[in-house]
Amino acid sequence: MASLNRGYEFFVDKKQGILKIRAWGLWDVEFAEQYDRELQKRILDINKQCPQGWYALADLNDFPPQLPEVQPILIRGMEFGAKRGLKKEARLIGKALTKAQLARLVKEAKMPENSTFQTEDEAIKWLLSK
Numbered sequence: 098m099a100s101l102n103r104g105y106e107f108f109v110d111k112k113q114g115i116l117k118i119r120a121w122g123l124w125d126v127e128f129a130e131q132y133d134r135e136l137q138k139r140i141l142d143i144n145k146q147c148p149q150g151w152y153a154l155a156d157l158n159d160f161p162p163q164l165p166e167v168q169p170i171l172i173r174g175m176e177f178g179a180k181r182g183l184k185k186e187a188r189l190i191g192k193a194l195t196k197a198q199l200a201r202l203v204k205e206a207k208m209p210e211n212s213t214f215q216t217e218d219e220a221i222k223w224l225l226s227k
């Protein structure tokens, strides 16, 4: 779902077992709920395709710190993935404030192994490393 000011997209790299997510803009609760429903569908799909586990790569370079009422919805999506085969999660974040907020949300969601990177190539290399 996308608009000029806010949006998200999903792409599944079936060969490498990576769910790629790109999110941008400031979200309200309704938009975050819509994202969460679609995210959960994508997680169920990749979990079926990759029963041995899968990876997530989130491009959040254009995703500013979100409103307090949106944050629990983001945590819920993270928890959903963590309970359904997610092995590692990598984030692309350029802004320090967004990085700090996401680090807190990831910790609260009790995510599996995770890290933040500057480039997609670095993130994928780390995701696929043992």
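Position in the sequence shown counted from 1, then plus 97, gives you the working numbering.
Ideal Cβ placement from N, Cα and C applies to all residues, glycine included.
Being a predicted model, the structure only gives us computed values, none of them experimental.
Evaluate residue i with the Cβ neighbour count: other Cβ atoms within 10 Å of its Cβ, from every protein chain shown; 16 or more gives buried, anything less gives exposed.
i	result
lysine 103	In the sequence under discussion, the amino acid at residue 103 is arginine, which differs from the lysine named in the question. Arginine 103 should be labelled buried.
lysine 117	buried
alanine 193	exposed
valine 126	exposed
alanine 197	exposed
glycine 182	buried
glycine 191	exposed
leucine 225	exposed
Judging by CA-CA distance, which residue of the options is the nearest neighbour of residue i?
i	options	result
isoleucine 140	Ile172, Phe214, Lys180	Lys180
isoleucine 86	Gln198, Lys145, Gln163	Only positions 98 to 227 of the chain appear in this structure, which leaves residue 86 out of reach.
leucine 189	Thr216, Lys227, Val109	Thr216
alanine 164	Gly122, Glu210, Met208	The question names alanine, but residue 164 in the sequence shown is leucine. When each option's Cα is compared against that of leucine 164, the closest is Gly122.
lysine 61	Gly174, Ser212, Lys227	Missing from the structure shown is residue 61; the chain here goes from 98 to 227 and no further.
valine 109	Arg134, Arg201, Ile143, Ala120	Ile143
phenylalanine 128	Asp218, Pro162, Lys112, Tyr105	Tyr105
glutamate 130	Gln168, Phe107, Asn211	Gln168
tryptophan 124	Pro162, Thr213, Phe214	Pro162
Is residue j closer than 8 Å to residue i when the C-beta atoms are compared?
i	j	result
alanine 187	tryptophan 151	no
leucine 157	threonine 195	yes
alanine 220	leucine 154	yes
proline 148	lysine 184	no
Could you check how far apart the C-beta atoms of residue i and residue j are, in whole angstroms? I think they sit under 8 Å.
i	j	result
alanine 206	glutamate 166	About 17 Å; that fails the 8 Å criterion.
alanine 200	phenylalanine 160	Wrong, their Cβ atoms sit about 14 Å apart, outside the cutoff.
Just checking residue i against the ligand ATP - is the residue's beta carbon closer than 7 Å to any of the ligand's heavy atoms?
i	result
glutamate 210	Ligands in the displayed structure: none, and consequently the ligand ATP is not present.
List, from N- to C-terminal side, the beta strand (DSSP E) runs of 3 residues or more that fit wholly inside the segment 168 to 224.
183 to 189, 210 to 214
Which parts of the segment 102 to 159 are runs of the beta strand (DSSP E), unbroken and 3 residues or longer, counting only runs that do not cross its ends?
104 to 110, 115 to 121, 151 to 159
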